[in-house]
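Trainee: Under UniProt numbering, think of the first position of the sequence shown as 1, with each following residue one higher. Backbone N, C-alpha and C fix where the C-beta goes; we use that ideal spot for every residue, glycine too. The structure follows.
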Amino acid sequence: MKLPLSVYYITLNEEERLPESLEKVKDWADEIIVVDSGSTDRTCELAEAAGARVVYREWEGFASQKAYAASLCANDWVFDLDADEVLSDNLVRNIKQLFSKPISPDIAGYRMRWVLSSPNPRHPFRHDKSKKILRLYNRKRAAIHAEKHSNDDRPRVHTGSVLELKGDVLHRTLISLEQMERKYIQLSSEQARFLYGKGRRISTPRLMVEFPLKFLKYYLIHRQVLNGWFGFSVSVVAANRNFMRLAKARELQMLEGISRSGGKER
């Protein structure tokens, strides 16, 4: 029996990870929406085979893409799911139980645990700090702010309460260090354009402390130290992404200043 719930994704070349995620939702979700930004692999084909509606939209940043995907959903209750995220069996059971009876109209959504998870239990990329995230929400009470180049893609609740739902969203984020590095190059560039567009000034002291502070955050607080040499490498790549978003934003500001001064000279 289908639940009155829409699941939406944003994708780009996710043929390797999307099928596992779709497998967990295709039998019970009333609707699956996939907003693709130009995949050249079998992502769209696999999504349609699972019963999803696939729509093309040029990439405008995570927040903008997700807000657009949510706007296409037919149901008020939606589930924001990434291609590299898989619902645990326990979470699926609890979602089905939740929708087996009417949900109180004053509830805006549900948080659930978000856990780093490798498809292969022997892989060293295992330990990380879990967190609670809002992914199941009512579009009448919460929404993602659609701002171009923004990576702030979390739903913001404007009315109603948020409860917790037991079960995990398993984050299969890592294919390889190379894939992670490519992804973070894109992310840092988008974040830099966003910071530049907002006119946020990046000071030299902030730039100089960003890498070491973020490295310690990932390596110690996020417990990547438990993943040995691989966790050290992941922490370096992740910290560099944070550093480069600031360095690129500072560079854009510098180039703007050079352009303006050059214009005055002419």
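(1) Leaving out five residues on either side along the sequence, give the residues of the same chain with a beta carbon under 7 angstroms from the beta carbon of ARG93.
(2) Any idea what DSSP makes of LYS96, helix, strand or coil?
(3) In terms of residue numbering, what span does the beta strand (DSSP E) encompassing TYR8 cover?
(4) Sorted by chain position, which residues of the same chain lie with C-beta nearer than 8 angstroms to LEU195's C-beta, five sequence neighbours on each side aside?
(5) Starting from the C-beta of LEU165, find all residues in its chain whose C-beta is less than 8 angstroms away, skip the five residues before and the five after it, and write them out in chain order.
(6) For the alpha helix (DSSP H) holding GLY109, just list the boundary residues, first then last.
(7) May I ask you to report which of helix, strand or coil DSSP gives ARG266?
(8) Does DSSP put ASN138 in a helix, a strand or coil?
(9) Determine, using beta carbons only, whether THR43 and GLU15 come nearer to each other than 7 angstroms.
(10) So, do the segment 179-191 and the segment 226-243 have three or more beta carbon pairs nearer to each other than 8 angstroms?
(11) Quick check: GLY231 and VAL225, are their CB atoms within less than 7 angstroms of each other?
(12) Which residues bound the alpha helix (DSSP H) around LYS66?
(13) Could you check where the beta strand (DSSP E) with ALA29 kicks off and where it finishes?
(14) Within a Cβ cutoff of 6 angstroms, which residues of the same chain sit near ALA142, ignoring the five residues on either side of it in sequence?
(15) Please tell me whether TRP114 and LYS131 are closer than 7 angstroms, where the distance is taken between their beta carbons.
(16) Within the same chain, show all residues whose beta-carbon is closer than 7 angstroms to that of SER235, passing over the 5 residues directly before and after it, in chain order.
(17) How long is the line joining the alpha carbons of ILE103 and ASN75, rounded to whole angstroms?
(18) Rounded to a whole number of angstroms, what is the C-alpha to C-alpha distance between LEU207 and LYS198?
(19) I'd like to check one pair, VAL86 with SER21: are the Cβ atoms closer than 7 angstroms?
(20) Roughly how many angstroms separate the alpha carbons of SER233 and GLN186, rounded to a whole number?
(21) What span of residues does the beta strand (DSSP E) with TYR196 cover, start to end?
(22) Please list, in chain order, all residues of the same chain as SER150 whose beta carbon is under 6 angstroms from its beta carbon, the five residues on each side excluded.
(23) Are the beta-carbon atoms of THR159 and ASP84 separated by less than 7 angstroms?
(24) What is the residue span of the alpha helix (DSSP H) that PHE79 lies within?
(25) Taking ALA49 and TYR8 to be in contact with their CB atoms under 8 angstroms, please state how far apart those CB atoms are, rounded to whole angstroms.
(26) What span of residues does the beta strand (DSSP E) with GLU16 cover, start to end?
(27) Name the two residues that bound the continuous alpha helix (DSSP H) containing GLU210.
(28) Could you tell me the distance, in whole angstroms, from the CA atom of GLN253 to the CA atom of SER37?
Mentor: Checking against the coordinates, here is how it stands:
(1) none
(2) helix
(3) 3-11
(4) ILE202, ARG245, LEU246 and ALA249
(5) LEU91, ASN94, ILE95, LEU98, TYR110, ARG111, MET112 and LEU136
(6) First-last for GLY109: 107-116, but that is the beta strand (DSSP E), not the alpha helix (DSSP H).
(7) With a pLDDT of 41 at ARG266, under the threshold of 50, the modelled position of that residue is not reliable, and the figure given next carries that caveat. The answer is coil: DSSP assigns ARG266 none of H, G, I, E or B.
(8) strand
(9) yes
(10) yes
(11) yes
(12) 62-71
(13) 29-36
(14) ALA108, GLY109, PRO155 and VAL157
(15) yes
(16) PHE215, TYR218, TYR219 and GLN224
(17) 14 angstroms
(18) 17 angstroms
(19) yes
(20) 19 angstroms
(21) Not the beta strand (DSSP E): TYR196 falls in the alpha helix (DSSP H), residues 177-198.
(22) GLY61, ALA63 and PHE194
(23) no
(24) Where PHE79 is concerned, there is no enclosing alpha helix (DSSP H), although the beta strand (DSSP E) it sits in stretches over 77-80.
(25) 17 angstroms between Cβ atoms; not a contact.
(26) It is not in any beta strand (DSSP E) - GLU16 carries neither H nor E in the DSSP assignment.
(27) 204-216
(28) 28 angstroms
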